[in-house]
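K.L.:
Supplied in structure tokens, the structure appears directly below.
Residue numbers (the numbering used here): 11 to 493.
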């Protein structure tokens, strides 16, 4: 009997592995690599117009570039030995025809370089450039294969969108923001640049639609979204309003809009507020140690859709999970009984909310986190063929600019969060007694991988691709995951 049970377990395990093995959509040999040096980094570049995909694999000496069509058939390859060691941080990419460019910067974000891979003439070129005089790097954005560096000047309040044209020359577009004012934390009207480049500036995090995000990430008071052709930056520095600064990346017109937050009449030193844009809606939340309130509003009109609220003595009736406190992905998991404890926990640090739409349901995560003291982060290997160490400053910087999906995946570690998860229908009515499904990152993490070398996750079409590299046979694997 025991032997039969073991055989059944083995069969189930084999079927489980086979099921996931069927999702491998491509694998290819890194046949351009002739040396024995270790792979340091892998960069995927997706052509959003025709769904071609370029994979750049780097060791300490070279970069190996492979291009695939939307059926993952190899259509081009190119090897490079370019070295520009001062450029250590990957910012983004652009595509003109069959020429793929990646953009790099130094540690201080003051000097920049573009590295071009031309699959037609098998050439690789590097061009260094500076931002216009007085401009400070803010963030980057890409739309329809075009890459922009967002910059600003604290002295005159200007904001530019900088890009390289097809000839590789720097162009910049000044945004018309002279008349725009926003509120700071103290309800004082300030320039947009004052919120984009505050005294304690750190790059604004990017958020992709329907990608899971940790409470740590969404608890930031400034967030960047790309919605249709619009770049949207939300500011939650003011506890009474969420303010949006929008740039249309087609005509470069700018606008601002404000959403009122719940509990605006409540004064509390521990009141925490935040927001999250999703689908055609925005969730706006406010909490004190005594009460929590959340509005769901129409993003375009500001019209009220739904409110969910609870005080410290009530049960949270709109949750579908226990109150969970955890550190990292699954470490230190425990459940809390009382709403009072939940409110105390989420107002002790930063508060955040995120929403994912899956078919006809919304999964909303609401909670707070307290930053954990940890050792210095593990350093990623350098992108040796181009810069000696494109990624040497760590995955946070690389993914923060270039790959929001990988940044979101990594953000589930090194935090201590307290949260609930809630399911709603398309009218935002609570779905009682429904089980919360695993998110896409749970599925990816639970699936065995070939190795940690070249490990990255990125969005492609309407699904996710996880990739890794096996050095023994110089093979790179691409595996598809769907929500």
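Note that beta-carbon positions come from the ideal geometry of N, C-alpha and C, so glycine has one too.
Note that the structure is predicted; figures quoted are calculated from it, not measured.
Kindly indicate which residue of 167, 266 and 131 has the alpha-carbon position closest to the one of residue 188.
P.N.:
Taking the first residue of the chain shown as 1, we reach residue 188 at position 178. With distances taken between Cα atoms, residue 188 lies closest to 167.
K.L.:
What number of angstroms, rounded off, separates the C-alpha of residue 238 from the C-alpha of residue 157?
P.N.:
Mapped onto the chain shown, residue 238 falls at position 228. Mapped onto the chain shown, residue 157 falls at position 147. So the two alpha carbons sit approximately 16 Å from each other.
K.L.:
Taking 7 Å as the limit between beta carbons, can you name the residues of its chain near residue 207, skipping five residues before and five after?
P.N.:
As a position in the chain shown, residue 207 is number 197, starting the count at 1. Hits under 7 Å: 146, 148, 162 and 164.
K.L.:
State the CB to CB distance for the pair residue 285 and residue 244, rounded to an integer number of angstroms; the pair is presumed to be in contact (CB under 8 Å).
P.N.:
For the purposes of this step, residue 285 is taken as the residue at position 275 of the chain shown. For the purposes of this step, residue 244 is taken as the residue at position 234 of the chain shown. Their Cβ separation, rounded to whole angstroms, is 6 Å, which keeps residue 285 and residue 244 in contact under 8 Å.
K.L.:
Name the residue from 105, 479 and 473 whose alpha carbon lies nearest to the alpha carbon of residue 466.
P.N.:
Taking the first residue of the chain shown as position 1, residue 466 is located at position 456. For the residues 105, 479 and 473, the minimum Cα distance to residue 466 belongs to 479.
K.L.:
If I follow the unbroken beta strand (DSSP E) through residue 54, where does it start and stop?
P.N.:
Within the chain shown, residue 54 is the residue found at index 44, counting from 1. Residue 54 -> beta strand (DSSP E) spans 49-56.
K.L.:
Take residue 342 and list the residues in its own chain whose beta-carbon comes closer than 8 Å to its own, dropping the five residues that flank it on each side.
P.N.:
What you label residue 342 is simply residue 332 of the chain shown in a count that begins at 1. Excluding residues within five positions, the ones whose Cβ falls inside 8 Å are 335, 336 and 426.
K.L.:
So does the stretch 443-454 actually touch the stretch 248-258, counting three or more Cβ pairs closer than 8 Å?
P.N.:
no
K.L.:
Which term fits residue 184, buried or exposed, when burial requires 16 or more other beta carbons within 10 angstroms of its beta carbon?
P.N.:
Numbered from its first residue, the chain shown carries residue 184 at position 174. Exposed: under 16 other Cβ atoms inside 10 Å.
K.L.:
What's the gap between the Cα of residue 384 and the Cα of residue 178?
P.N.:
Numbered from its first residue, the chain shown carries residue 384 at position 374. Numbered from its first residue, the chain shown carries residue 178 at position 168. Note on residue 384: pLDDT 48, under 50, position unreliable in the model; no value is reported.
K.L.:
At the level of alpha carbons, what is the spacing between residue 490 and residue 364?
P.N.:
As a working note, residue 490 is residue 480 in the chain shown. As a working note, residue 364 is residue 354 in the chain shown. When rounded, the distance between both Cα atoms is 24 Å.
K.L.:
What do you reckon, are the CB atoms on residue 110 and residue 55 nearer than 8 Å?
P.N.:
Walking along the chain shown from the start, residue 110 turns up at place 100. Walking along the chain shown from the start, residue 55 turns up at place 45. Going by C-beta atoms, residue 110 is nearer than 8 Å to residue 55.
K.L.:
What is the C-beta distance between residue 318 and residue 287, in whole angstroms, given that I count them as a contact (C-beta under 8 Å)?
P.N.:
Translated into positions along the chain shown, residue 318 becomes position 308. Translated into positions along the chain shown, residue 287 becomes position 277. No, residue 318 and residue 287 are not in contact; Cβ-Cβ is about 18 Å, not under 8 Å.
K.L.:
Label residue 434 either buried or exposed according to how many other C-beta atoms from any shown protein chain fall within 10 Å of its C-beta, with 16 as the threshold for buried.
P.N.:
If you number the chain shown from 1, residue 434 lands on position 424. Burial check for residue 434: the Cβ neighbour count within 10 Å reaches 16 or more, so the residue is buried.
K.L.:
At what residues does the alpha helix (DSSP H) containing residue 352 begin and finish?
P.N.:
Residue mapping note: residue 352 aligns to position 342 of the chain shown, counting from 1. Unbroken alpha helix (DSSP H) run through residue 352: 349-356.
K.L.:
Using a Cβ-Cβ cutoff of less than 6 Å, which residues in the same chain neighbour residue 91 once the five nearest sequence positions on both sides are dropped?
P.N.:
Taking the first residue of the chain shown as 1, we reach residue 91 at position 81. Counting only Cβ-Cβ distances below 6 Å, and skipping sequence neighbours, we find 72.
K.L.:
Have a look at the DSSP bridge pairing and note the partners of residue 146.
P.N.:
The count along the chain shown starts at 1 and reaches residue 146 at position 136. 162.
K.L.:
What does DSSP give as the partner residue(s) for residue 324 in the beta ladder?
P.N.:
Within the chain shown, residue 324 is the residue found at index 314, counting from 1. Paired residues: none, contrary to the question.
K.L.:
Roughly how many angstroms lie between the CA atoms of residue 122 and residue 159, to the nearest whole one?
P.N.:
Residue 122 sits at position 112 when you count from the first residue of the chain shown. Residue 159 sits at position 149 when you count from the first residue of the chain shown. Approximately 10 Å, taken between the alpha carbons.
K.L.:
If you compare alpha carbons, which of 102, 323 and 124 is closest to residue 134?
P.N.:
Position 124 of the chain shown, counting from 1, holds the residue named residue 134. Considering only alpha carbons, the answer is 124.
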